[in-house]
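Have a look at the structure below, then the notes.
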Amino acid sequence: MFGAVLSTFPFISFLLPLAPSIVFQDALVTNVSDTYPYPAYDTVQTTLASPGVLRVLLNNTYSSINLFDYHLQADLANLVGTLQAPDSDVRVVVFESANPQFFIGHIDVKYFLPGYESPLPLYDPGFPDMLFPVALLWNITQLPQATIAVVEGRTRGIGNEFLMSCDMRFASLSPEVLFSQIETSLGVNPGAGGGMHLSRLIGRGRALEYILSSADVDAATAARVGWINDAFPTSEELRAHVDALAKRVALFPAAGIAATKQGINAVTLPAREVLVAEAQNIISGLIPTPVVQGAFERFTEVTGNQSIGVMELNFGREVGRLFD
Ligand SMILES: *[C@@H]1O[C@H](CO)[C@@H](O)[C@H](O)[C@H]1NC(C)=O
Ligand SMILES: *[C@@H]1O[C@H](CO)[C@@H](O)[C@H](O)[C@H]1NC(C)=O
Ligand SMILES: *[C@@H]1O[C@H](CO)[C@@H](O)[C@H](O)[C@H]1NC(C)=O
Numbered sequence: 002m003f004g005a006v007l008s009t010f011p012f013i014s015f016l017l018p019l020a021p022s023i024v025f026q027d028a029l030v031t032n033v034s035d036t037y038p039y040p041a042y043d044t045v046q047t048t049l050a051s052p053g054v055l056r057v058l059l060n061n062t063y064s065s066i067n068l069f070d071y072h073l074q075a076d077l078a079n080l081v082g083t084l085q086a087p088d089s090d091v092r093v094v095v096f097e098s099a100n101p102q103f104f105i106g107h108i109d110v111k112y113f114l115p116g117y118e119s120p121l122p123l124y125d126p127g128f129p130d131m132l133f134p135v136a137l138l139w140n141i142t143q144l145p146q147a148t149i150a151v152v153e154g155r156t157r158g159i160g161n162e163f164l165m166s167c168d169m170r171f172a173s174l175s176p177e178v179l180f181s182q183i184e185t186s187l188g189v190n191p192g193a194g195g196g197m198h199l200s201r202l203i204g205r206g207r208a209l210e211y212i213l214s215s216a217d218v219d220a221a222t223a224a225r226v227g228w229i230n231d232a233f234p235t236s237e238e239l240r241a242h243v244d245a246l247a248k249r250v251a252l253f254p255a256a257g258i259a260a261t262k263q264g265i266n267a268v269t270l271p272a273r274e275v276l277v278a279e280a281q282n283i284i285s286g287l288i289p290t291p292v293v294q295g296a297f298e299r300f301t302e303v304t305g306n307q308s309i310g311v312m313e314l315n316f317g318r319e320v321g322r323l324f325d
């Protein structure tokens with residue numbers, strides 16, 4: 002079961018360049034399975050892009066829209082566990098998507114519907130007050146590494162919350178790039194803190210404008226208002242910028258990266274308790290209501306079971322279909 006996890010961590014050879022690889026890999030299997038017991042689905046593929054820089058490809062082959070379902074969550078949780086380990090030599094993590102049209106689609110809304118089954122715990126074992134995906138994103142904000150997202154496709158709902166849980170975000174100025182918090186249109190709120198993150202990034206007025214309207218925001222607008230750090234005319238320019246930035250940061254001592262991040266986190270992230278009480282627990286209270294259950298059922302219908310099509314491609318434009 003953990004062979005797939007192992008195969009996604011080729012950077013391990015970078016950590017112990019002198020160790021015979023077979024012996025070390027055997028040790029790693031034990032290590033990973035003892036500490037991070039989530040199933041592996043190979044939806045998160047990692048490579049060491051340059052010394053200290055881990056490239057993470059989000060590649061949910063179970064979904065046409067890179068859905069944030071349990072496959073992706075399990076693989077990301079295993080990755081996060083590895084990055085949290087004090088002996089990790091990774092200093093910068095670059096997240097990219099294998100899907101040219103979707104960075105991360107959104108959460109699997111079946112998560113909120115009766116009959117949903119998942120191998121993952123509902124609440125996180127380490128943070129029993131947090132739903133698993135909320136704890137996962139929180140943990141990403143707390144990683145000792147610098148995290149950078151490279152966006153060339155759509156990202157909505159928890160996909161955008163994932164993006165804002167990263168330290169830096171860059172996109173290409175492609176029409177395939179759209180950002181949105183869609184929750185209000187479904188009768189709920191961004192439950193993993195999307196409103197809290199976005200209001201810090203772009204201000205209260207704009208956060209309310211975009212989130213309340215569940216608008217799709219393009220890359221040029223996102224860069225102008227501060228939703229993302231910058232947007233580049235071409236994929237090549239985007240990648241050149243991120244590669245240079247990642248390599249430069251990865252030269253610097255790990256403790257300084259983590260320390261700088263800790264101070265910035267202290268004044269730019271919601272407190273964990275506030276995130277739980279004022280985002281997660283609010284959505285949890287709304288989900289069982291008939292309005293929201295109906296909205297999620299309708300959402301799976303109009304999106305063709307959350308698959309690629311008119312609705313997932315153009316949610317902001319087509320949102321009225323939820324109410325036809
Ligand atoms: C995504 O994963 C599948 C299955 O492992 C693989 O065939 C495909 O090449 C991957 N996509 C990219 C862009 O690497
Ligand atoms: C989050 O991190 C904590 C340790 O700080 C750990 O106990 C928990 O399992 C992690 N959860 C996920 C989903 O990464
Ligand atoms: C919906 O999609 C999931 C995979 O995302 C699949 O397992 C399920 O069978 C699909 N259901 C229908 C009704 O198409």
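Position in the sequence shown (first residue = 1) + 1 = my numbering.
By construction, the Cβ of each residue, glycine as well, lies at the ideal position given by its N, Cα and C atoms.
Small disclaimer: the values here were computed from a predicted structure and weren't measured.
- When the Cα atoms are used, Leu164 and Val218 turn out to be separated by approximately 14 Å.
- Excluding residues up to 5 positions away in sequence, Phe113 lie with their Cβ nearer than 6 Å to the Cβ of Ile288 in the same chain.
- Looking from the CA of Gly106, the closest CA among Arg92, Leu202, Ile66 belongs to Ile66.
- Placement of the Cβ of Ala75 at a distance of 6 Å or more from every heavy atom of ligand 2 is found.
- In the three-state reduction of the DSSP assignment, Arg249 falls in the helix class, which pools H, G and I.
- Under the 8 Å Cβ criterion, the segment 59 to 75 counts as touching the segment 128 to 142, having at least three qualifying pairs.
- Near ligand 1, residues with a Cβ at less than 6 Å from any of the ligand's heavy atoms are Asp43, Leu58, Asn60, Thr62, Ala99; the list follows chain order.
- Counted as a single uninterrupted DSSP element, the stretch harbouring Arg322 is not any alpha helix (DSSP H), since DSSP gives it neither H nor E.
- The three-state secondary structure of Met131, taken from DSSP, is coil.
- Remark: the shortest separation between the CB of Gly194 and any heavy atom of ligand 2 does not fall under 6 Å.
- Beyond the five residues adjoining it in sequence on each side, Gly188 comes within less than 8 Å, by CB distance, of Leu287, Thr290, Val292, Val293, Ala296 in the same chain, given in chain order.
- A residue is called buried once 16 or more other Cβ atoms fall within 10 Å of its Cβ, and Arg225, having fewer, is exposed.
- Residue state for Gln143 is assigned as helix, using DSSP reduced to three classes.
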